[in-house]
Amino acid sequence: MSTTTASDAKRKAPAGERVADWADGRLGIYGLAKANMRKIFPDHWSFMLGEICLYSFLIIILTGVYLTLFFHPSMNEIEYHGSYVPMQGIRMTEAYASTLDISFDVRGGLLIRQIHHWAAVVFLAGMFVHMMRVFFTGAFRKPREINWLFGFLLFVLGMFTGFTGYSLPDDLLSGTGVRFTQGAILSMPIVGTYISMFLFGGEFPGHDIIARFYSIHILLLPGIMLGLVVAHLILVFYHKHTQFPGPGRTNKNVVGMPLLPVYMAKAGGFFFLVFGVIAIISALFTINPIWALGPYRPDQVSTGAQPDWYMGFAEGLVRVMPGWEINLWGHTLVLGVLIPLVVFGIMLAAIALYPFIESWITGDKREHHLLDRPRNAPTRTALGVAWVTGYMVMLIGGGNDIFATHFHLSINSITWFVRIFFFLGPVIAFIVTKRICMGLQRRDKDKVLHGRESGIIKRLPHGEFVEIHEPLSQAQLHALTAHEQYAPAEIGPTVDENGVERKPTRTEKLRAKLSKGYYGEGNQVPKATAEEYKEITSGHGHH
Amino acid sequence: MKKLSARRRHPLAAVVVLLLALAATGGLYAAFAPAGKAQADETAQSLAIEEGKKLYTVGCASCHGTGGQGTTDGPSLVGVGSAAVDFQVGTGRMPAQQPGAQVPKKKNIYSQAEIDQLAAYIASLGAGPITPTEKQYSPEGADIAKGGDLFRTNCAQCHNFTGEGGALTHGKYAPSLEGVSEKHIYEAMQTGPQNMPSFPDTTLPEKEKKDIIAYIKTVNGDETATPGGFALGGLGPVSEGLFGWIFGLGSLIAVAVWVAAHTAKAKKS
């Protein structure tokens, strides 16, 4: 296609085509573009949550590069003589002084700093909600388990990138957070002290930690994250996007708009909208005013010292944990910190492993490209809500002092509330959510069989009043009945081909029991069948 | 006796007993109540003390005792000094509205002259910190940066980085320093009201108190500049996180819904 004959040369190709031709001659991208340009993406606002994350990640990288031009990741102590009066003459590290300079003396520095930080807050929140969307719609099922893990890793790495990032200015708030982290590291049995000494280059705080966090924050973690983002997107392309059930949508197709030009234009425009919203927020609202916090000194501390929200549940775990410790043979096991650290790991691991746990329990190894409506998977939805409830309770624990002062409560009562509801809350949430899901399923069934309540009351000749129910459209009927319903996984045959009885193993029994919890009787409402529908709509069964 | 016993169920018997009891209590009180102090000489100071005592009897004596000696409801005021009175009454904390974990500040109903009279009376009960003069607490010419350092070392543990306040145990709290007058900050440091430790001049000299006041007024005063925009209460990551979720992600999701709702369609349905 790139060779032109003499006769064709008279008719000049349009400019765009010539550019494409030039590029293809050197990059050979025609085949790639042809295969992907018409790739279809389904349209739903919740599918754009991942885009919010992607764009805020890009914004963070762009603004982060600008900040590195002016930031000095050094713990050398200097006396400040910049333009912020309340800090003049104070001894501080170069890291803190250069952050003050970025905020007050670098052109646009404060705005860029605030965009960087607000984008990080939004990035993590976006990932959280994006994960919830994927979880509650069952989009993590085969073949997307690995992509779920990539996303999970992005969330966890994002947490630690955020942590190392807000620690860089070496201000009193973040220094307290670093000290907190060191305490958590020290609580690890046997290896804790070694890791702490290695990380800090000696005793806390030492002279290395800022420079080390800097390398981790601008190079190591974002590098891994960038790779994961690319892998995440490649897998989205490879698997194709999931879609909600609807007329014409099957497990084998994708209904939506082509990548080029429609989706590219929408996505490109959305990038600028995201950037715009974050820029407006950053221009109007302060985030992390390090100038008001003062430089870090190990002998100073302030009340109301919290980490950014994504570390808040870890803060909560430590805040509400009783200060237990075991002293044996001259060694201390600080359970008050170690247990929260372990619970922190377990809570994160639970989301990472959930797709595998669910597919093991349900025995479902098939591919899924159609999304579940959360109500149609009551147990999964309830488990998810239970997890989120535990997480949110811990966020309250992390901010217990702010809740105490602003709601005029006793901080001790809040701590006890959090201690109790960290266990009780998820149980209540599980039961309530499941019941709500079942109720919604029953309502769906009712709507399918009897139609929508029209609000029109009709009086029959013999005096009875009835409300007219409008039958649903075919599309609505489809949306409400398209989901598959599963039977619980049974224990395999207990008699083999030779007629020898075997005892089902304990795992098999457990699995069958759990599976019943997902799909057993009372855990899902049998959806309306075509026969039921026919019988009722035929007029015989009118009531 | 028989007569009395016969009438013990009379409808008015209870009333009579009550009247007798009240008369007995009142009579006993009149007989045993401490006599008023001997008349002092009629100087301006003693006049103020006299007036202050009257105010005290009305507003304070029910908890602190008639002579400031304290009761189970309120501590002794002997030796608290005029500075403590000026702070407690001047910020409206005293007279307290109700018992609780901590007495909150509220609208002050006394004039400064009345507060001075009360202070003079309490000061006469025993020596204590004296109400500071403007020269002592005025942040004029103080070292703001040094004040910041002192604030972070001595005050931030309870009052937060810039004096936004913080929680203490069992419903007690360190109040916000926003809008607290220089004099009252000085007096609070000097006297250590409620749960606050006191920082007498031997611990924190007058000059350092001025530095701290200057710092508070710079970072949390009426004219404090917030270069980053609205400060979201100055509470740090909790309010920032809440804001980021609700307004940051919230508006982005609203935008996403808007974008998703406007799509190229083959046919409008």
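Chains as they are written, first to last, in my numbering: chain H, 6 to 548; chain V, 299 to 567. Glycine included, C-beta positions come from ideal geometry on N, C-alpha and C. This one's a predicted model, so the numbers in the text were calculated from it and none came from an experiment.
Simplified DSSP state of residue i, which is helix, strand or coil
{"i": "residue 337/H", "result": "strand"}
{"i": "residue 332/H", "result": "strand"}
{"i": "residue 39/H", "result": "helix"}
{"i": "residue 555/V", "result": "helix"}
{"i": "residue 287/H", "result": "helix"}
{"i": "residue 127/H", "result": "helix"}
{"i": "residue 464/H", "result": "strand"}
{"i": "residue 326/H", "result": "coil"}
{"i": "residue 471/V", "result": "strand"}
{"i": "residue 352/H", "result": "helix"}
{"i": "residue 369/V", "result": "strand"}
{"i": "residue 303/V", "result": "helix"}
{"i": "residue 412/V", "result": "helix"}
{"i": "residue 16/H", "result": "coil"}
Through-space distance from residue j to residue i, alpha-carbon basis
{"i": "residue 41/H", "j": "residue 249/H", "result": "22 Å"}
{"i": "residue 336/V", "j": "residue 348/V", "result": "Only weak support is given to the placement of residue 336/V: the predicted model assigns it a pLDDT of 49, under 50, and the question is left unresolved by the model."}
{"i": "residue 434/H", "j": "residue 528/H", "result": "16 Å"}
{"i": "residue 551/V", "j": "residue 545/V", "result": "10 Å"}
{"i": "residue 101/H", "j": "residue 74/H", "result": "15 Å"}
{"i": "residue 315/V", "j": "residue 325/V", "result": "15 Å"}
{"i": "residue 76/H", "j": "residue 66/H", "result": "15 Å"}
{"i": "residue 219/H", "j": "residue 520/H", "result": "47 Å"}
{"i": "residue 197/H", "j": "residue 203/H", "result": "10 Å"}
{"i": "residue 351/V", "j": "residue 515/V", "result": "35 Å"}
{"i": "residue 473/V", "j": "residue 307/H", "result": "14 Å"}
{"i": "residue 338/V", "j": "residue 367/V", "result": "Unreliable positioning characterises residue 338/V in this predicted model, as indicated by a pLDDT of 48, which lies under 50. A coordinate reading is not provided."}
{"i": "residue 251/H", "j": "residue 480/H", "result": "7 Å"}
{"i": "residue 357/H", "j": "residue 158/H", "result": "8 Å"}
{"i": "residue 419/H", "j": "residue 321/H", "result": "11 Å"}
{"i": "residue 511/V", "j": "residue 480/V", "result": "6 Å"}
Chain V within 8 Å of residue i, Cβ atoms only
{"i": "residue 4/H", "result": "Here chain H comprises residues numbered 6 to 548, so residue 4/H is not present and cannot be evaluated."}
{"i": "residue 48/H", "result": "yes"}
{"i": "residue 110/H", "result": "no"}
{"i": "residue 425/H", "result": "no"}
{"i": "residue 273/H", "result": "no"}
{"i": "residue 329/H", "result": "no"}
{"i": "residue 64/H", "result": "no"}
{"i": "residue 92/H", "result": "yes"}
{"i": "residue 234/H", "result": "no"}
{"i": "residue 312/H", "result": "yes"}
Start and end residues, beta strand (DSSP E) containing residue i
{"i": "residue 526/H", "result": "Careful: residue 526/H lies outside any beta strand (DSSP E) and carries neither H nor E."}
{"i": "residue 473/H", "result": "470-475"}
{"i": "residue 441/H", "result": "Premise fails: residue 441/H lies in the alpha helix (DSSP H), 416-455, not in any beta strand (DSSP E)."}
{"i": "residue 96/H", "result": "96-98"}
{"i": "residue 83/H", "result": "82-84"}
CB contact check: residue i to chain H, cutoff 8 Å
{"i": "residue 501/V", "result": "no"}
{"i": "residue 461/V", "result": "no"}
{"i": "residue 364/V", "result": "no"}
{"i": "residue 330/V", "result": "no"}
{"i": "residue 429/V", "result": "no"}
{"i": "residue 442/V", "result": "yes"}
{"i": "residue 451/V", "result": "yes"}
{"i": "residue 361/V", "result": "no"}
{"i": "residue 320/V", "result": "no"}
{"i": "residue 412/V", "result": "no"}
{"i": "residue 525/V", "result": "yes"}
{"i": "residue 455/V", "result": "yes"}
First and last residue of the uninterrupted alpha helix (DSSP H) at residue i
{"i": "residue 536/H", "result": "535-542"}
{"i": "residue 181/H", "result": "177-191"}
{"i": "residue 292/H", "result": "Residue 292/H -> no alpha helix (DSSP H), and no H or E assigned at all."}
{"i": "residue 323/V", "result": "311-330"}
{"i": "residue 164/H", "result": "150-172"}
{"i": "residue 399/H", "result": "383-403"}
{"i": "residue 202/H", "result": "197-205"}
Expected contact under 8 Å - CB spacing of residue i and residue j to nearest Å
{"i": "residue 484/V", "j": "residue 435/V", "result": "4 Å"}
{"i": "residue 475/H", "j": "residue 456/H", "result": "5 Å"}
{"i": "residue 56/H", "j": "residue 361/H", "result": "Going by Cβ atoms, the distance from residue 56/H to residue 361/H rounds to 27 Å, so no, they are not a contact pair."}
{"i": "residue 301/H", "j": "residue 177/H", "result": "5 Å"}
Chain-ordered chain B contacts of residue i [CB-CB under 7 Å]
{"i": "residue 458/V", "result": "Included in the structure are the protein chains H and V, with no chain B among them."}
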